[in-house]
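Undergrad:
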């Protein structure tokens, strides 16, 4: 069983890629919709929440887990890995590899939540591959609420104005490659591409899905491509927002759990 | 002891008014910074969180409580009042009275979180005072993240663009009075006044503070005007954001608690 979790529904952009790469596998997804967002909270709180998320997934007999949340991946992954005896993949490593491979001028940008940028995890991962790469990181805390409130059209004027401000340092640094370091951000790919037309965009959730596909245990005979969703807020409303991230309607089972008990 | 709580730090706009009206009183404030915001969550989750918030305040020997959160006041107040045997004041009643008193053309607007607008609490409270008043309510989910991320200047272009969209229905309805139904919104008074120059703005937190002042027990001899702050996320960062809402630096005691245990 493949486990995927996120602070909320942004991780569904990674789930979408897993389903594409590994058709027919059974997957369990947990979105902490009762406590989203994580990226504006302290690392202490993020670690506490991520431990609860993992403890819940472990009740679902998962063999491998994708922490499909940039904030958890950059802030809590070492704690999760030292606590749980199963492979846990984050979204930092794959994106760092893809960016180091894609950049021609050795200038890479990273946009992510405040907590992720503060952690320095993407910078460290890229430098460990090639210390000569110059990395410019910018915290973009407004992008998560913009996505969640539907300001997602390629030409949305509010999103364009916010991006113009956030991306000025990225533009000034002359990067040719930009990591979307939060799994909400691929929803804004069109708007970001308009703001940075000649820059290669790296989808960190999709890169993590590729790493997962490479190390997932073989498909079991009884797997039937079933995706089960668990959320910590009530279920109504989930399907509407989830369909934005998945790009198609959600027809699978959705269950509310009390994450504070884990 | 006066207790005040909010989903996060917006309730500090009400606390500021309590301190002004009731100088020298001891106050305990709880802000659920580890789970903010409430206004985008389901009523079921909001009620669960509000019960935990109240259970914590009850450990602090409070005599009276102000639920300084528009979302809690409109969604969970009846549950809180039937659960805890002490006076609990919300932000709906005072604002409804002030708006009914202020309007000349009997057209009142309400801007608030999605959960508050869905509850219909402000409409019901205004209609119970004067059924002839026409009420136009608009959910403004982006205003909380805008405030929390510092887009608070009177002429901020992002906030102006978002407000222009949200306030079009309020303008079309021809209201002469607008309730700021979320305690974050008074921080945007300047920007809202620019967008609606001839409309009277009602600060729901400040109106609730007036109701509280009218029914608070007499000052005890040992009260010394001490304000203690409790938050559910880590303490660093609290002082910076809190000073935006309070309009002055925070020099009092701040303690982190684990709200999930209550």
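Protein chains in written order, with this note's numbering: chain P, 897 to 1158; chain L, 897 to 1158.
We put the CB at the ideal spot given by N, CA and C, even for glycine.
#1: Alpha carbon to alpha carbon, what distance is there between residue 964/P and residue 1137/P?
#2: Does residue 1045/P have its Cβ less than 8 Å from a Cβ in chain L?
#3: Buried or exposed for residue 1152/L, please, with buried defined as at least 16 other CB atoms from any protein chain shown within 10 angstroms of its CB.
#4: Residue 989/L and residue 908/L - do their beta-carbons sit closer together than 8 Å?
#5: Please give the ranges of any alpha helix (DSSP H) in the segment 995 to 1072 of chain L, keeping only runs that are unbroken, at least 4 residues long and fully inside the region.
#6: Is residue 1049/P buried or exposed, if buried means 16 or more other CB atoms sit within 10 Å of its CB?
#7: Smallest Cα separation from residue 1116/P: which of 901/P, 904/P and 919/P?
#8: For residue 966/P and residue 1010/P, what's the separation of their Cα atoms in angstroms?
#9: Whose C-alpha, out of 995/P, 959/P and 1156/P, is nearest the C-alpha of residue 980/P?
#10: What residues match up with residue 1076/P in a beta bridge as DSSP calls it?
#11: Looking at chain L, which residues of the segment 905 to 934 of chain P have a Cβ within less than 7 Å of any of its Cβ atoms?
#12: Of the choices 1032/P, 953/P, 985/P and 950/P, whose alpha-carbon is the least far from that of residue 1062/P?
#13: Taking the alpha helix (DSSP H) that residue 890/L falls in, what are its first and last residues?
#14: Please report whether the beta-carbon of residue 1058/P lies at a distance below 8 Å from any beta-carbon of chain L.
#15: Beta-carbon of residue 1156/P versus every beta-carbon of chain L: anything under 8 Å?
#16: Contact check, residue 927/L vs residue 1123/L under 8 Å by CB: the rounded distance?
#17: Mind listing the chain P neighbours of residue 937/L? Cutoff is C-beta to C-beta under 7 Å, in chain order.
#18: For the beta strand (DSSP E) that residue 962/P lies in, which residues bound it at each end?
#19: Please decide whether residue 1038/P counts as near chain L, where near means a Cβ-Cβ distance under 8 Å.
#20: Going straight from the alpha carbon of residue 1146/P to that of residue 957/P, what length do you get?
#21: Pull up the CB-CB distance for residue 1069/L and residue 1002/L, whole angstroms please, since I reckon it's below 8 Å.
#22: With three or more C-beta pairs closer than 8 Å as the rule, is the segment 966 to 975 of chain L touching the segment 1077 to 1086 of chain L?
#23: Please name the residue, chosen from 1102/P, 1097/P, 933/P and 938/P, that lies closest to residue 1015/P on a Cα-to-Cα basis.
#24: Do we get a CB-CB distance below 8 Å when we pair residue 968/L with the residues of chain P?
#25: Who does residue 902/P pair with in a DSSP beta bridge?
#26: Counting only beta-carbon atoms, is residue 940/L nearer than 8 Å to chain P?
#27: Rounded C-beta distance between residue 925/P and residue 947/P? I'm assuming under 8 Å.
#28: Looking only at DSSP bridge pairs, what is residue 1126/L linked to?
#29: Label residue 1093/P either buried or exposed according to how many other C-beta atoms from any shown protein chain fall within 10 Å of its C-beta, with 16 as the threshold for buried.
#30: What does residue 1054/L reach in chain P if we use C-beta pairs closer than 9 Å?
#31: How long is the line joining the alpha carbons of residue 941/P and residue 1076/L, rounded to whole angstroms?
#32: Could you pull out every residue in the same chain whose Cβ sits closer than 6 Å to the Cβ of residue 1113/L, ignoring the five residues on either side in sequence?
#33: Which residue wins for smallest C-alpha separation from residue 1025/L, given the options 1119/L, 998/L, 972/L and 1034/L?
#34: Using 8 Å as the threshold, is the C-beta distance between residue 1008/L and residue 1035/L below it?
#35: Does the Cβ-Cβ distance between residue 1073/L and residue 1055/L come in under 8 Å?
#36: What's the C-alpha gap between residue 1019/P and residue 921/P?
TA: Taking the coordinates as given:
#1: 17 Å
#2: yes
#3: buried
#4: no
#5: 1010 to 1015, 1017 to 1025, 1039 to 1044, 1053 to 1062 and 1064 to 1068
#6: exposed
#7: 919/P
#8: 10 Å
#9: 959/P
#10: 1007/P and 1099/P
#11: 930 and 931
#12: 1032/P
#13: In the structure as shown, chain L starts at 897 and stops at 1158, and residue 890/L therefore has no counterpart that could be examined.
#14: yes
#15: yes
#16: That belief does not hold up - the Cβ atoms of residue 927/L and residue 1123/L are roughly 12 Å apart, past 8 Å.
#17: 930 and 1129
#18: 960 to 963
#19: yes
#20: 23 Å
#21: 11 Å between Cβ atoms; not a contact.
#22: yes
#23: 938/P
#24: no
#25: 927/P
#26: yes
#27: The pair is not a contact, with the Cβ atoms about 18 Å apart (cut-off 8 Å).
#28: 926/L and 1151/L
#29: exposed
#30: 1038, 1054, 1057, 1058 and 1061
#31: 31 Å
#32: 959
#33: 998/L
#34: yes
#35: no
#36: 33 Å
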